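Student: Just dropping this structure here.
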């Protein structure tokens with residue numbers, strides 16, 4: 083569990099207020115709140131349906147939630163990938179999705195979730211985490227576009243980046259297979 087104090091910007095309903103955010107692992111009973119935050123953050127059901135499908139597929143390795151004042155305000159999920167090609171096995175995860183309630187975005191809560199998730203990935207010695215998104219944003223967490231160039235997957239391209247466990251040297255010519263639930267994304 084991680085606790086952190088965030089200062090809300092002036093002009094909000096809680097002007098200059100501090101909120102105590104607790105980050106913990108997702109639990110089964112979090113389902114409705116997870117869905118609510120995903121739907122609000124992405125202005126639609128697609129990512130919420132993805133998480134529900136990944137859960138049904140038993141593809142999620144772990145998820146984290148951010149809570150403040152008893153309210154679920156954000157979440158992040160890491161799903162197992164199957165990597166083929168290299169002689170030695172590569173343990174890999176996909177980071178998707180990460181969502182923060184729209185009223186609390188750009189306060190560092192998403193960054194805290196990403197850092198917490200990568201710390202868990204490192205603690206459990208996952209070799210690699212792939213993410214699809216803004217390379218400049220994810221670079222601050224150690225994700226590199228060049229590292230992902232060794233991976234062939236449906237999302238290969240300039241928005242795919244890889245984080246690697248310290249000291250891990252990734253082989254070339256890896257093929258990443260995402261859980262089937264990702265096939266439903268547009």
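Numbering (this note's numbering), first residue to last: 83 to 268. By construction, the Cβ of each residue, glycine as well, lies at the ideal position given by its N, Cα and C atoms. Predicted model, so just to flag it, every value in this text is computed and none were measured.
Taking residue 110 as part of the alpha helix (DSSP H), name the residues at either end of that continuous run.
Tutor: Careful: residue 110 lies outside any alpha helix (DSSP H) and carries neither H nor E.
Student: Under 8 Å by Cβ, that's how I've got residue 197 and residue 181 pegged, so tell me the actual separation to the nearest angstrom.
Tutor: Their Cβ separation, rounded to whole angstroms, is 16 Å, which puts residue 197 and residue 181 out of contact at 8 Å.
Student: Check for me: the beta strand (DSSP E) holding residue 143 runs from which residue to which?
Tutor: Start and end: 142-150.
Student: For the stretch 174-193 and the stretch 116-128, state whether three or more C-beta atom pairs, one from each stretch, are separated by less than 8 Å.
Tutor: Enough Cβ pairs lie closer than 8 Å, so yes.
Student: Spell out the partners DSSP gives residue 174 in its beta bridges.
Tutor: Answer is 163, 210, bridged to residue 174.
Student: If you count every other CB in all the chains shown that lies within 10 Å of the CB of residue 222, and 16 or more means buried, which is it?
Tutor: Answer is exposed; the Cβ neighbour count stays below 16.
Student: Pull up the CB-CB distance for residue 165 and residue 258, whole angstroms please, since I reckon it's below 8 Å.
Tutor: Yes, they are in contact, since the Cβ atoms of residue 165 and residue 258 sit about 6 Å apart, within 8 Å.
Student: So which of 100, 151, 215, 245 has the shortest CA-CA distance to residue 202?
Tutor: If we check each option's Cα against that of residue 202, 245 comes out closest.
Student: Compute the Euclidean distance between the alpha carbons of residue 241 and residue 232, then round it to the nearest angstrom.
Tutor: Cα to Cα, the separation comes out at about 14 Å.
Student: In the structure shown, what three-state DSSP assignment does residue 226 receive?
Tutor: Here residue 226 sits in strand by DSSP.
Student: Assign residue 254 to buried or exposed, taking buried as 16 or more other Cβ atoms, counted over all protein chains shown, within 10 Å of its Cβ.
Tutor: Exposed.
Student: With a 10 Å radius around its C-beta and 16 neighbouring C-beta atoms as the bar for buried, classify residue 107 as buried or exposed.
Tutor: By the 10 Å Cβ count, residue 107 comes out exposed.
Student: Checking the sheet assignment: what are the DSSP bridge partners for residue 156?
Tutor: DSSP, once it has assigned bridges, lists 148, 182 as partnering residue 156.
Student: Compare the Cα-Cα distances from residue 252 to each of 208, 261, 214 and report the closest residue.
Tutor: Taking only the C-alpha atoms, the option nearest residue 252 is 208.
Student: Applying the 10 Å Cβ sphere with the 16-neighbour rule, what's the burial state of residue 151?
Tutor: That one is exposed.
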